[in-house]
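In the numbering used here, the protein residues as written are 68 to 514.
Worksheet: the structure to be examined is printed underneath.
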Amino acid sequence: MRDLARKHGPLMMLRLGEVPTLVVSSPEAARAVMKTHDITFADRYLNATIAVLTYDGTDLVFGTYGERWRQLRKITVLELLSVARVQSFQRIREEEAARFMQTLAASAGAGATVDLTKMISRLINDTFVRESIGSRCKYQDEYLEAFDTAVRQTSVLTVADLFPSSRLMQVLGTAPRKALACRNKITRILEQIIREKMEAMDRGDKTAHEGLIGVLLRIQKEASLSTPLTNDAIVALMFDLFGAGSDTSSTTLNWCMTELIRYPAAMARAQAEVREALKGKSTITEDDLAGAELGYLKLVIKESLRLHCPLPLLLPRQCRETCQVMGYDIPKGTSVFVNVWAICRDPKYWDDAEEFKPERFENTNLDYKGTSYEFLPFGSGRRMCPGANLGLANIELALASLLYHFDWKLPNGVEPKDVEVWEASGLIGKKNIGLILQPVTRIAPVI
68 MRDLARKHGP LMMLRLGEVP TLVVSSPEAA RAVMKTHDIT FADRYLNATI AVLTYDGTDL
128 VFGTYGERWR QLRKITVLEL LSVARVQSFQ RIREEEAARF MQTLAASAGA GATVDLTKMI
188 SRLINDTFVR ESIGSRCKYQ DEYLEAFDTA VRQTSVLTVA DLFPSSRLMQ VLGTAPRKAL
248 ACRNKITRIL EQIIREKMEA MDRGDKTAHE GLIGVLLRIQ KEASLSTPLT NDAIVALMFD
308 LFGAGSDTSS TTLNWCMTEL IRYPAAMARA QAEVREALKG KSTITEDDLA GAELGYLKLV
368 IKESLRLHCP LPLLLPRQCR ETCQVMGYDI PKGTSVFVNV WAICRDPKYW DDAEEFKPER
428 FENTNLDYKG TSYEFLPFGS GRRMCPGANL GLANIELALA SLLYHFDWKL PNGVEPKDVE
488 VWEASGLIGK KNIGLILQPV TRIAPVI
């Protein structure tokens, strides 16, 4: 898509089967869609598979823009992902990070290599499950398996998606039926968790109010909303939050470590900063991070998000009514992809655009707020991701701990320049193959 845009321009109309599709590939065009005409493009495009998995678009991420959606957004921003709520999960993040460091230390002691990609995914999943439920969950592995299947299903265009008006294609296409089976499994697990939470609340168990599900059940019980918050709505919202808070965070943390391994000078600078700022600590806490000067660590995360946006095309929007963008007529119903991957690698806006250079963000005002249209890792406008604070909190402590406690070696015969950096196809820009490294304990972690 980037190469096509270089030939045909920053606003490019494609036809994917029957579906008119607008591809946006410049900061100026992104601003036009996500700011100037934000409300016109405030809907999400739903193909047959995604419609099934998102309960016909009644969730937050893919929900139709309107009063119900605004209510869900308000709950998410003010109750679930507020600064205070994110801070309330500090102990969970610290405990899971410390446990992760102990596991790595055991591998280092044995001189073993580890698949850091898988281990990072497990860390973030364990953390987010506890943030969601308030405790560990016996259904976690079963849920994660179903969730991974759902993510893979949303990442593939099928004939049913490309020809939505064709009854024959809807019959022949198996993806929606497979998606329904997956959704039913996810629903069954989440409904069981909700039932157990409600039973604990009825028993007067104060811990039942912990976690994001506990917050949602409290709001449901208060019955103060214009549109009642049903159990189905809670299930759909938790499905959204897990995708936004878990998969994208683990992907970003994995890319941070991948790029640092590929650029030894950046790794050395990041480790030196963390070890100097936190000297003498046996375990790192978020209070330690807050009181330390870790500017370069934050630049590493920014640069990783620039090169490897978790959602390379963001999530597809849909044009609610015919409009003009930069002089072009855009028909109602057009799906819209904003190619932030291409924008963030455009040499017109970035020097050495393909190189990992965290220092490029020094003395700049580029941030995550969605107002710098050459840097939109979390999107912009009404549909901007509301979970940036939680995602960054999950990433920063883990990354600082990995750099503080361990040195990292590649397997014998592998050079930094040989480390694979291809992204897998799909909605989420995951690393195509796992990052295999050998940890070497530098500062032993102590719980």
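Even for Gly, the Cβ is constructed at its ideal location relative to N, Cα and C.
Reducing DSSP to helix, strand and coil, say where residue i ends up.
i	result
Asp-193	helix
Pro-94	helix
Thr-508	strand
Pro-295	coil
Asp-413	coil
Ser-447	coil
Arg-270	coil
Lys-498	strand
Leu-239	helix
Phe-473	strand
Arg-73	helix
Asp-182	strand
Ile-462	helix
Ile-503	strand
Leu-89	strand
Asp-110	strand
Arg-519	Outside the modelled stretch of the chain, which goes from 68 to 514, sits residue 519, for which no answer is possible.
Glu-263	helix
Arg-427	helix
If you draw a straight line from the C-alpha of residue i to the C-alpha of residue j, how long is it?
i	j	result
Val-403	Gly-437	17 angstroms
Leu-380	Lys-273	42 angstroms
Lys-252	Ile-368	35 angstroms
Thr-297	Arg-449	24 angstroms
Val-90	Met-324	31 angstroms
Gln-169	Leu-224	41 angstroms
Leu-211	Pro-87	34 angstroms
Tyr-435	His-472	28 angstroms
Ser-371	Glu-487	15 angstroms
Arg-250	Leu-120	6 angstroms
Gly-493	Ser-222	4 angstroms
Cys-204	Glu-266	16 angstroms
His-75	Arg-69	10 angstroms
Arg-166	Lys-348	16 angstroms
Leu-327	Asp-485	13 angstroms
Glu-277	Phe-306	18 angstroms
Leu-284	Thr-125	18 angstroms
Pro-414	Glu-421	8 angstroms
Pro-512	Phe-445	33 angstroms
Ile-280	Asp-419	44 angstroms
Met-80	Val-144	34 angstroms
Could you pull the start and end residues of the alpha helix (DSSP H) that residue i belongs to?
i	result
Tyr-363	362 to 374
Phe-167	157 to 176
Val-481	Looking at the DSSP string, Val-481 is not in any alpha helix (DSSP H), and its letter there is neither H nor E.
Val-119	115 to 120
Trp-136	134 to 142
Glu-212	207 to 221
Ile-351	It is not in any alpha helix (DSSP H) - Ile-351 carries neither H nor E in the DSSP assignment.
Ile-286	278 to 289
Ala-60	The structure shown does not extend to residue 60, since the chain is modelled only from 68 to 514, so the question has no answer here.
With a threshold of 8 angstroms between beta carbons, is residue i in contact with chain D?
i	result
Leu-378	Absent from the structure: chain D. Only one protein chain is present.
Where do the N-terminal and C-terminal ends of the beta strand (DSSP E) with residue i fall, by residue?
i	result
Asp-396	395 to 397
Met-79	78 to 83
Cys-323	That residue, Cys-323, is in no beta strand (DSSP E); its alpha helix (DSSP H) goes 315 to 329.
Ser-402	402 to 405
Val-20	Nothing in the structure corresponds to residue 20, since the chain is present only between 68 and 514.
With the cut-off set at 8 angstroms, would you say residue i and residue j are in Cβ contact?
i	j	result
Asp-355	Leu-364	no
Leu-304	Leu-127	yes
Leu-502	Lys-476	no
Leu-78	Tyr-395	yes
Ser-447	Lys-102	yes
Ile-500	Val-218	no
Ala-99	Thr-508	no
Ala-164	Ala-465	yes
Leu-183	Val-341	no
Asn-461	Ile-191	yes
Phe-230	Glu-85	yes
Val-181	Thr-254	no
Pro-383	Tyr-112	yes
Ala-467	Leu-366	no
Thr-318	Pro-377	yes
Ile-410	Ser-93	yes
Tell me whether the segment 127 to 136 and the segment 410 to 428 touch, counting them as touching only if at least three CB pairs, one residue from each stretch, are closer than 8 angstroms. No, the segment 127 to 136 does not touch the segment 410 to 428.
Indicate whether the contact test is met: 3 or more Cβ pairs, each with one atom in the segment 107 to 120 and one in the segment 237 to 245, closer than 8 angstroms. A contact exists between the segment 107 to 120 and the segment 237 to 245.
Is there contact between the segment 446 to 466 and the segment 297 to 312, where contact requires at least three CB pairs shorter than 8 angstroms? Using a Cβ-Cβ distance cut-off of 8 angstroms, the segment 446 to 466 and the segment 297 to 312 are in contact, since at least three pairs of beta carbons, one from each stretch, lie closer than that value.
Does the segment 171 to 180 come close enough to the segment 144 to 157 that 3 or more CB-CB pairs lie under 8 angstroms? Judged by Cβ distances under 8 angstroms, the segment 144 to 157 makes no contact with the segment 171 to 180, as fewer than three pairs qualify.
Do the segment 476 to 484 and the segment 140 to 155 meet, that is, are 3 or more Cβ pairs less than 8 angstroms apart? Contact fails: fewer than three Cβ-Cβ distances are below 8 angstroms.
Is there contact between the segment 189 to 198 and the segment 251 to 267, where contact requires at least three CB pairs shorter than 8 angstroms? At 8 angstroms Cβ cutoff, the stretches do not touch.
Does the segment 102 to 109 come within contact of the segment 382 to 395, defined as at least 3 CB pairs closer than 8 angstroms? At 8 angstroms Cβ cutoff, the stretches touch.
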